[in-house]
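What follows is a set of notes on a single structure, which appears directly below.
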Amino acid sequence: MRRAKLFLFAVLILGALGGAWLSSFSQPFHLIRLEKTGPAVWGILSRFELDVAQELETLFLVRADADDLTALRREGFRFTVLDRGAERKDYYLVAARSAEERDFLSASGRSVLLEGETWLYGGPRGEPSPPLPATMPLKPLAATSLLPYLHRPSSIPVTAATAPSRNGTIDLIVAGVNGGSIKSFVEGLQSYQTRYATTANCDAAAESIYQFFQGLGLRASYAPFTFRTTYSSRNVIGEKPGLRQPEEVVIICGHYDSTSNQAATLAPGADDNASGVAAVMEAARLLSRFDFDFTVKFIAFGAEEFGLYGSADYASRARSAGERIVGVVNLDMIGYVDAVPEDLDLIVNPLSEWLAERLKLAAGSYAGLTSRKIVTASANYSDHAPFWDRGYPALLAIEDQPLHNPYYHKTTDTADKLNDAFFVASTRASLAVLAELAQPSDPALPKTPVGLEGRVGTYSALFSAVRALRLTWTADPSAAGYNIYRSLTSHLNYQKLNSVPLTGTSFTERLLDPALDYYYVITAVGSGGGESNFSREIWVVADTTGFWAGGQR
Ligand SMILES: [Zn+2]
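In the numbering used here, the protein residues as written are 15 to 567.
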């Protein structure tokens with residue numbers, strides 16, 4: 015796409031010379047589907063700098079110009095042109111889950127089936143309300159390329175070999191989760207009658223969440239955004255800065271807006287998604303009483319039902335600002351039970367798979383709750399998806415995938431339909447993994463090391479060049495030494511590399527396998543032998559071009 019940018023620049027210059035030339039020179043874009051036929055497809059995305067609009071389980075959606083198509087054909091890659099004149103359209107991924115919905119899309123003349131339940135809908139650019147039924151979840155295609163943030167799945171299976179040891183502070187947090195408290199949050203949100211994103215009632219609900227965060231002593235803020243040209247809404251953020259490494263951010267979130275078949279006047283949205291927001295508020299209530307190494311953000315997103323606009327705004331701003339997000343726990347519908355015992359479904363893409371493993375462990379040990387990991391790049395219909403688009407690990411916790419709640423997006427989605435025991439358990443599980451990732455401060459332990467950085471370099475050896483990683487960190491006078499840990503999967507199964515604690519502030523590792531990903535943390539060891547929490551994680555991954563990238567996402 016660098017070519018395309020240069021071309022546009024040339025068009026602008028020519029356009030300035032003679033306006034009439036402009037239309038004849040503007041090159042149309044095609045929206046194509048490129049099949050994930052094998053590992054080579056990942057390399058070709060980078061080599062041709064393709065403008066990737068969406069990743070799905072079996073394919074990529076790509077905005078391609080004529081040169082891109084020629085190159086793909088020449089290299090023998092399988093693709094299909096879905097639409098021409100893509101620069102004049104707005105596209106949405108749409109999930110069709112019933113025969114009526116599929117019939118509607120087939121008859122619309124603007125849709126094509128991509129895979130499974132996923133369709134592509136294309137309407138004229140700037141259309142404020144695409145004529146789609148309210149029941150159908152949708153996601154606009156990202157406006158800018160996902161290419162820099164794509165992560166080729168690792169060849170190493172992502173499973174947890176060992177559970178993190180149980181933590182006393184997390185026991186206290188989990189014990190504090192109260193069924194009456196979360197139910198009252200749901201009833202409070204439901205009392206606004208509707209939280210349809212374009213209504214004043216929805217805005218009033220946002221204000222109540224803001225005041226709740228403020229009342230807890232968190233840094234509360236609104237993040238306003240506009241969507242579909244004419245509308246506006248705002249995300250509500252409560253922030254608890256980390257004590258040791260505040261630029262590392264752990265997020266728990268859920269959308270506070272709702273919808274129904276009478277959305278303008280009545281959309282109680284108890285399960286969808288007062289339940290998720292209630293858990294976010296419960297997390298804020300309980301975690302605000304303790305200190306953590308890393309920053310925790312409690313976020314209620316707006317305008318999710320219109321197309322994930324609040325989370326998309328947040329994730330793209332976070333990426334531009336270089337925010338370091340460790341992981342995102344997105345809760346959407348965590349209180350309804352269709353069959354006892356209910357388990358919690360955890361939806362992740364390959365990059366985020368570790369997060370499901372960690373939540374699964376936390377759910378088992380802190381909440382006695384069974385959960386099910388579902389790894390797919392195709393489940394894009396909640397606020398985790400815009401974080402995937404920007405290369406951040408994010409998880410969706412949901413009662414059932416596919417959905418079984420008969421009150422979904424109806425005026426009957428009310429608090430009395432929720433199952434108290436399951437709602438408490440799913441909230442406990444979510445808070446436990448959140449607190450684990452943020453790492454409770456323990457004054458009895460050595461201080462958590464800060465400033466861990468990684469630099470990948472090529473070092474000349476006698477007969478060959480050797481790739482190596484150099485880790486450095488900030489010296490802490492209270493530490494007697496440091497331990498180095500490594501894993502082939504993020505945030506799981508770290509193995510200690512040194513036999514005795516290191517006394518310096520750097521560590522170099524050579525001869526790493528360029529086909530594998532590596533993840534590192536360090537700890538500080540006190541003079542009495544006690545060991546600190548883990549530092550932030552630094553990674554070295556084989557990226558889509560086959561080269562290494564070091565540092566952090
Ligand atoms: Zn929802």
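Glycine included, every Cβ here is placed at the ideal spot set by N, Cα and C.
- Task: List the endpoints of the continuous beta strand (DSSP E) containing D97.
- Result: In this chain, the beta strand (DSSP E) harbouring D97 covers F93 to R98.
- Query: Which residues, in chain order, sit with a beta-carbon under 7 angstroms away from any heavy atom of ligand 1?
  - Reply: Selection around ligand 1 by beta-carbon proximity, strictly under 7 angstroms to any non-hydrogen atom, yields H269, D286, N287, E318, E319, D346, M347 and S396 in chain order.
- Quick one: what does DSSP say F308 is sitting in, helix, strand or coil? Strand.
- Query: For A220, which of helix, strand or coil comes out of DSSP?
  - Reply: A220: helix per DSSP, three-state reduction.
- Query: Hey, quick one: how far does the beta strand (DSSP E) through D359 stretch, first residue to last?
  - Reply: Run containing D359: L358 to V362, per the beta strand (DSSP E) assignment.
- F548: buried (16+ other C-beta within 10 angstroms of its C-beta) or exposed? The residue is buried, with at least 16 neighbouring Cβ atoms inside 10 Å.
- Message: Going by DSSP, what residue range makes up the beta strand (DSSP E) through R77?
- Response: L73 to A78 is the extent of the beta strand (DSSP E) around R77.
- Thinking just about the alpha-carbon of each residue, which of V108, S385 and E114 is nearest to the one in W133? Closest in C-alpha terms to W133, from the list V108, S385 and E114, comes V108.
- Message: Please state the DSSP three-state secondary structure of A34.
- Response: The predicted position of A34 is uncertain, since its pLDDT is 36 and thus under 50; no value can be drawn from it.
- Query: CB V264 to CB L459, shorter than 8 angstroms?
  - Reply: Not closer than 8 angstroms, so no.
- Query: Quick one: does R372 have its CB under 8 angstroms from some CB of chain B?
  - Reply: No chain B appears in this structure, which consists of one protein chain only.
- Message: For I265, list the residues DSSP reports as bridge partners.
- Response: Per DSSP, the beta-bridge partners of I265 are K311 and V342.
- Which two residues bound the contiguous alpha helix (DSSP H) that contains T441? Segment D434 to A452, the alpha helix (DSSP H) holding T441.
- Which listed residue (E131, Y245 and V291) has its alpha carbon closest to that of V200: When only C-alpha atoms are compared, the closest one is V291.
- Per-residue burial, K197 [other beta carbons within 10 Å of its own, 16 or more giving buried]: When all chains shown are included, K197 counts as buried.
- Query: Applying the criterion that 16 or more other CB atoms from any shown protein chain within 10 Å of the CB defines a buried residue, is G331 buried or exposed?
  - Reply: The residue you asked about is not Gly; residue 331 is Arg in the sequence shown. Result: exposed.
- Message: With three or more C-beta pairs closer than 8 angstroms as the rule, is the stretch 114-126 touching the stretch 83-90?
- Response: Contact between the stretch 83-90 and the stretch 114-126 is absent, because fewer than three Cβ pairs lie under 8 angstroms.
- Short check: CB of S440 to CB of L485, under 8 angstroms? In this structure, L485 does not lie closer than 8 angstroms to S440 by Cβ.
- DSSP three-state assignment for E69, whether helix, strand or coil: Correct three-state label for E69: strand.
- Using DSSP with H/G/I as helix, E/B as strand and the rest coil, what is G29? Residue placement at G29 is poorly supported in this model, since its pLDDT is 36, which falls under 50; the coordinates still yield a value, given next. Assigned with DSSP and collapsed to three states, G29 falls in helix.
- Task: Tell me whether the beta-carbon of E413 lies closer than 8 angstroms to the beta-carbon of V351.
- Result: A contact, by the Cβ cut-off of 8 angstroms.
- Looking at F312 and I187, is the spacing between their C-beta atoms short of 8 angstroms? Their beta carbons are not under 8 angstroms apart, which means I187 does not touch F312 by this criterion.
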